[in-house]
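Below is one structure, written out as structure tokens, with a few remarks after it.
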Amino acid sequence: MSNTIRVVLTDDHVFVRDGIKSLLENEVNIEVVGEATDGLEALKIIEKVKPDLLILDIRMPNLTGIEVVEKLRAQNNMVKIVMLSMHESEEYVLKSIKAGADGYLLKGSSKEEFLKAVHTVANGGKYFSGDISSILIGQLSNPSGIIEAKQTLDEEQLITKREKEILKLLLSGKGNKEIAEALDISKRTAEVHRFNLMKKLKVKNLMELSNKATEYSLL
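The numbering used here numbers the first residue of the sequence shown as 721 and each following residue consecutively.
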């Protein structure tokens with residue numbers, strides 16, 4: 721790799737790309753050599769310009785950031801990759817790492833942290849923002865941080881520790897308000913977790929949820 725870090729930015733929001741580009745191009749040893757608005761476009765640009773580093777939004781049209789990483793690694797393309805996301809959920813973080821990303825940075829990160837991540841990953845290291853690091857430490861010390869239940873569950877059905885807490889409370893007869901109070905979260909957040917949990921497990925009511933929990937030993 722040359723002294724200049726050649727970067728491709730991929731994000732479907734132009735103002736996000738413009739902000740990152742402005743930040744990076746103020747650095748003497750960083751050059752933005754390509755921009756993409758979705759995953760498919762990113763793959764084409766990477767093939768064409770062969771960058772040193774890809775900064776990749778995790779949620780995009782056509783192909784998600786994680787799908788882009790998976791396709792690149794399947795092609796044995798070892799371009800350095802930093803995932804950029806508003807989400808710090810365990811699922812996003814761990815799936816990104818499993819796919820082959822070298823770093824994971826939250827969009828709310830400071831300028832200093834952003835540049836540190838770019839330089840660290842471009843030079844062969846790994847970088848995960850402070851909040852993300854705590855998730856990784858928790859996963860290493862507690863491999864069941866992502867609850868796989870039995871291996872017969874599909875990957876998209878994996879539930880997080882928080883969703884497992886929601887599941888226990890739901891099956892004990894708690895409503896959204898009581899769950900919110902028990903977990904010190906907003907009622908709206910409790911509702912979202914409940915919706916996501918039932919969607920993942922493909923159930924429509926508490927009876928089906930209870931049966932699924934029993935079937936796959938989720939509790």
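Glycine residues also receive a C-beta, built at the ideal position from the N, C-alpha and C atoms. Computed from a prediction, not measured in an experiment: that's the story for all the values here.
Query	Result
Using only the alpha-carbon positions, how far apart do lysine 884 and methionine 918 sit?	11 Å
Where do the N-terminal and C-terminal ends of the alpha helix (DSSP H) with aspartate 832 fall, by residue?	Note that residue 832 is glutamate in the sequence shown here, rather than aspartate. Its alpha helix (DSSP H) spans residues 831–842.
If glycine 759 and asparagine 796 are in contact, beta carbons under 8 Å, what's the gap, nearest whole angstrom?	Wrong, their Cβ atoms sit about 18 Å apart, outside the cutoff.
If you drop the 5 nearest sequence neighbours on each side, which residues of the same chain put their C-beta closer than 6 Å to that of isoleucine 765?	Val728, Gly754 and Ala756
For tyrosine 824, write down the residues that DSSP places opposite it in a beta bridge.	Met803 and Phe848
Give the secondary structure of arginine 779 by DSSP, where H, G and I count as helix, E and B as strand, and everything else as coil.	coil
Between Glu767, Ile801, Ala842 and Lys836, which lies nearest to asparagine 723 when the distance is taken from Cα to Cα?	Ala842
Taking 8 Å as the cut-off, decide whether the C-beta atoms of valine 799 and leucine 792 are in contact.	yes
Roughly how far, in whole angstroms, is the beta-carbon of methionine 806 from the beta-carbon of lysine 836, given that I think they are within contact range, below 8 Å?	Going by Cβ atoms, the distance from methionine 806 to lysine 836 rounds to 19 Å, so no, they are not a contact pair.
Cβ of aspartate 772 within 8 Å of Cβ of aspartate 731?	no
Sort Ala819, Val769 and Arg779 by Cα distance to glutamate 790 and report the nearest one.	Ala819
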